[in-house]
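Numbering (the working numbering), first residue to last: 139 to 618. What follows is one structure encoded as structure tokens, with my remarks underneath.
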Ligand SMILES: CC(C)(COP(=O)(O)OP(=O)(O)OC[C@H]1O[C@@H](n2cnc3c(N)ncnc32)[C@H](O)[C@@H]1OP(=O)(O)O)[C@@H](O)C(=O)NCCC(=O)NCCS
């Protein structure tokens, strides 16, 4: 029988996270003889820093509000495993083919406990090394109810620093980073009146959310996973052009390269999935005229007194941005021909500025007060409250960014080195775009930029690849 401790360890935000794993497959071009020893010794130090990695998430079957961390009961040997795939997988081929997701789907490359159906209790942490010919693939999975992508990155960099045997450790783990109660203390829950209505950063789960969850569990064949690449230079040029356009309109405001790539992906997805009306005259409802996306926003640094940037609990909320479908589709459809040295025409810049600005405006709405309202509401919600979903309601399209994770910069020491690729295995269902950690210049001899992983039904993916923003600004690196 699992011994339950410290029921307050998980924050109300942790408890709202998907009941699955944040998982990444990291590829390293190493054949060092000491890999296993270094990784395991480093992991032993990591669990000394964060003991609850030896624990498990326990969900009460009758009432899913009850979700707890069990007392640590596992050993490093339970958390870490290895397999040899050197007969079947070759690192040079992987690299030549841009690390296709299908090459990460081989038997046993993902720790089996981290794939559905999950046991209950579900382990917090699993890692598995697959030795391929000429390198390794390290799969790390951390339960989403204990962390988010930023926290996952901190766990990786702490483990990596413990693998540096030459004493050059750069990350000294601060126990404050794993104190999940900090979220509530930080927003001083007792000081304000609990909001009476559901706050704007939350909504009550409705039939559309239930349908979405049910669909995400269907795994029909016929899905293809693409890895795309957007050069940083292209995104920067677009950002400058858009910001100049905004200034020229006499409007205050600006957009980031993140807003630009989100706008490009949003319009391409809409074209991929758009069902054309039977005739121009077919009346459209207000909902059919607009499109709303959801996207996660890290809240660590968005408060007046920021949370520790290395806090490892879940600390993001979902924002929602709405645009007219006609604007998104007309941006993503081929326009007038461009001059040879023109990246984008002035007409398209205006359209891109409108979409990217919408994203920035919704991001600004994630402020101290809206975050506090959401946390207070979650903290005070009674056990019999109808299920709550993070973020305002949206039309199921989500665009997630892991761009800031700095995965390529992490030095895992002499035996392991630095990683060449961050991937997920080929996805078995629909997965809207995830912007992968930023690739610095020099990775696999390439230029700086952002890779994106996306999985759609074959026909929709073809339309996505053919849409103007993808053809014009991205390169399809590989399809699986
Ligand atoms: C929401 C999010 C994606 C936005 O990314 P972003 O736009 O890159 O980040 P910011 O809002 O901090 O903006 C930074 C940019 O604004 C620019 N900027 C900031 N102030 C500015 C100003 N006054 N004028 C012009 N530009 C400005 C910066 O130069 C930078 O631009 P760049 O991206 O082109 O280099 C990101 O903040 C985030 O939260 N990421 C994590 C999401 C997450 O947790 N996902 C997974 C959950 S499991």
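Glycine included, each C-beta is placed from N, C-alpha and C at the ideal position.
Per DSSP, residue 190 is not a residue of any beta strand (DSSP E), being assigned neither H nor E. Sorted by position in the chain, 286, 287, 392, 394, 395, 396, 434, 435, 436, 454, 539 make up the residues whose C-beta lies under 5 Å from a heavy atom of ligand 1. Residue pairing for residue 611: DSSP places it in no beta bridge. Under DSSP, residue 515 shares a beta bridge with no residue.
Taking a C-beta distance under 7 Å as the contact criterion, residue 538 and residue 434 qualify as a contact pair. Classified as buried, residue 299 has 16 or more neighbouring CB atoms from the shown chains inside 10 Å of its CB. By the 16-neighbour rule on beta-carbons within 10 angstroms, residue 554 is buried. Counting along the chain, the unbroken alpha helix (DSSP H) around residue 232 starts and ends at 229-234.
The C-beta distance from residue 454 to residue 286 rounds to 5 Å, short enough to fall under 8 Å. Less than 7 Å separates the beta-carbon of residue 618 from that of residue 363. Within the same chain, 383 come within 8 Å of residue 488 by CB-CB distance, once the 5 residues on both sides are set aside. Rounded to whole angstroms, residue 376 and residue 313 show a C-alpha spacing of 42 Å. Only residues of its own chain outside the window of five on either side were considered, and among them 564, 618 have a CB closer than 6 Å to the CB of residue 240, listed in chain order. Under the three-state reduction of DSSP, residue 498 is assigned to helix. Of the residues assessed, residue 439 falls on the exposed side of the cut-off, its CB having fewer than 16 other CB atoms within 10 angstroms. Taking the Cβ atoms as the reference, residue 428 lies roughly 5 Å from residue 460, within the contact range of under 8 Å. Counting of Cβ neighbours within 10 angstroms places residue 253 among the exposed residues, the total staying below 16.
Under the 8 Å Cβ criterion, the stretch 565-577 does not count as touching the stretch 208-221, having fewer than three qualifying pairs. Taking the C-beta atoms as reference points, residue 605 is found no nearer than 7 Å to residue 494. Per the coordinates, the alpha-carbon of residue 520 lies some 12 Å from the alpha-carbon of residue 201.
Taking a contact to require three or more Cβ pairs closer than 8 Å, the stretch 257-270 and the stretch 523-532 do not qualify as touching. Judged by their CB atoms, residue 212 and residue 192 are nearer to each other than the 7 Å cut-off.
Proximity to residue 579 across 558, 404, 599, 595 peaks at 558, based on C-alpha coordinates.
Sixteen is the threshold: when 16 or more other Cβ atoms of the shown chains lie within 10 Å of the Cβ of residue 536, as they do, the residue is buried.
The beta carbons of residue 291 and residue 229 sit about 24 Å from each other, so the pair does not count as a contact at 8 Å. Only exposed fits residue 226, as fewer than 16 other CB atoms lie within 10 angstroms of its CB. Cβ-Cβ separation between residue 452 and residue 594: approximately 27 Å, too far for a contact (criterion under 8 Å).
In the three-state reduction of the DSSP assignment, residue 584 falls in the coil class, being assigned neither a helical nor a strand state. Boundaries of the beta strand (DSSP E) around residue 220: 218-222. Here residue 381 carries a helix assignment [DSSP, helix/strand/coil]. Here residue 551 is buried. Its C-beta has 16 or more other C-beta atoms within 10 Å.
Between residue 154 and the set 547, 188, 204, the nearest pair of CA atoms involves 204. Where residue 252 is concerned, there is no enclosing alpha helix (DSSP H), because DSSP gives it neither an H nor an E. The C-alpha of residue 615 lies about 14 Å from the C-alpha of residue 581. Residue 199 and residue 207 have their C-alpha atoms roughly 15 Å apart. For a cut-off of 8 Å, the C-beta gap from residue 322 to residue 528 is around 16 Å, too long to register as a contact.
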